[in-house]
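Engineer:
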Amino acid sequence: MTPRRPARLVVLVSGSGTNLQALLDACADPSYGARVVAVGADRDDIEGLARAERAGVPTFVRKVGQFTSRDHWDRAVTDTVAGFEPDLVVLAGFMKLVGAEFLTRFGGRVVNTHPALSPSFPGMRGPADALAYGVKVTGCTLFVVDAGVDTGPIVAQRAVPVEDDDTADTLHERIKVAERAMLVDTVGRMARAGWTVEGRRTRFGDEG
Ligand code: GRF
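Encoded structure:
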């Protein structure tokens, strides 16, 4: 996939939005090659939306409960995101699984960041599950979203050590530092160079 320059990013969030903020900050530099054209959420009153508003980026909220079914919600999110003509959709702490319609429309150009080293510890409790298992190294993964839970082709990973006195929260905060850097580096490279997905293998294009 070869995005336009600057690549148009739509970012979906559910929480504090520190990953979104890292992208917004990176996009302030024209040489980064991307800009955030919209931020969407599945809930109101979150810092992620406030960060977008402060940056002057359009926002939208589509709550599952506003729709008669999960499929209707998925269609509404899909149509809204499509209206912003994204080259790449970034799920940055978005706590909902996108559905079939969304993946049909944007398949191959939706990435999600997960706070564990895939394929270990998928799901909502990545840092806590890594801690409970006793691993000494965990990390974060950026992957191309498919129909599974944190299963898609891997674009980037960063390793993070587990310390003896970690709690799930301290470990997650350390992972998030690596996660923000990974997201900024990788999304920028995707925006500038394009990317391909063949089976489970992803590759960047040449930066021109
Ligand atoms: C990130 O660790 C993300 O991987 C996880 O939730 C966190 C979101 O953080 N799913 P933020 O909202 O970007 O601060």
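Just so you know, we're using my numbering here: the sequence shown kicks off at 350 and counts up by one.
Using N, Cα and C, we set each Cβ at its ideal position, and we do this for glycine too.
#1: Would you kindly work out how many angstroms separate the C-alpha atoms of K525 and T417, rounded to a whole number?
#2: What separation, rounded to the nearest whole angstrom, lies between the Cα atoms of G366 and T429?
#3: Using 8 angstroms as the cut-off, can you tell me whether the stretch 420 to 429 makes contact with the stretch 461 to 471, which would need three or more C-beta pairs spanning the two stretches below that distance?
#4: Please work out which residues of its chain come closer than 7 angstroms, Cβ to Cβ, to V546, disregarding the five sequence neighbours upstream and downstream, and give them in chain order.
#5: Answer yes or no: do A441 and V362 have a C-beta to C-beta separation smaller than 7 angstroms?
#6: Does DSSP put R458 in a helix, in a strand, or in coil?
#7: Please report the straight-line C-alpha distance between G405 and D555, rounded to a whole angstrom.
#8: Which class does G389 belong to by DSSP, given the choice of helix, strand or coil?
#9: With 16 other CB atoms within 10 Å as the buried threshold, where does R552 fall?
#10: Assuming A401 and V388 form a contact by the criterion Cβ under 8 angstroms, report the distance between their Cβ atoms to the nearest whole angstrom.
#11: Tell me where the alpha helix (DSSP H) around L532 begins and ends.
#12: Measuring CB atoms only, is the stretch 474 to 486 touching the stretch 533 to 550, in the sense that at least three cross pairs come out at less than 8 angstroms?
#13: Thinking just about the alpha-carbon of each residue, which of V504, A505 and E522 is nearest to the one in V511?
#14: If you reduce the DSSP assignment to three classes, tell me which class E547 lands in.
#15: Tell me the start and end of each unbroken alpha helix (DSSP H) in the stretch 392 to 459 that is at least 4 residues and wholly inside, in chain order.
Structural biologist: Inspection of the coordinates gives the following:
#1: 35 angstroms
#2: 20 angstroms
#3: no
#4: G457, V493 and P502
#5: yes
#6: coil
#7: 32 angstroms
#8: strand
#9: exposed
#10: 4 angstroms
#11: A517 to A542
#12: no
#13: E522
#14: strand
#15: 396 to 403, 419 to 432 and 449 to 455
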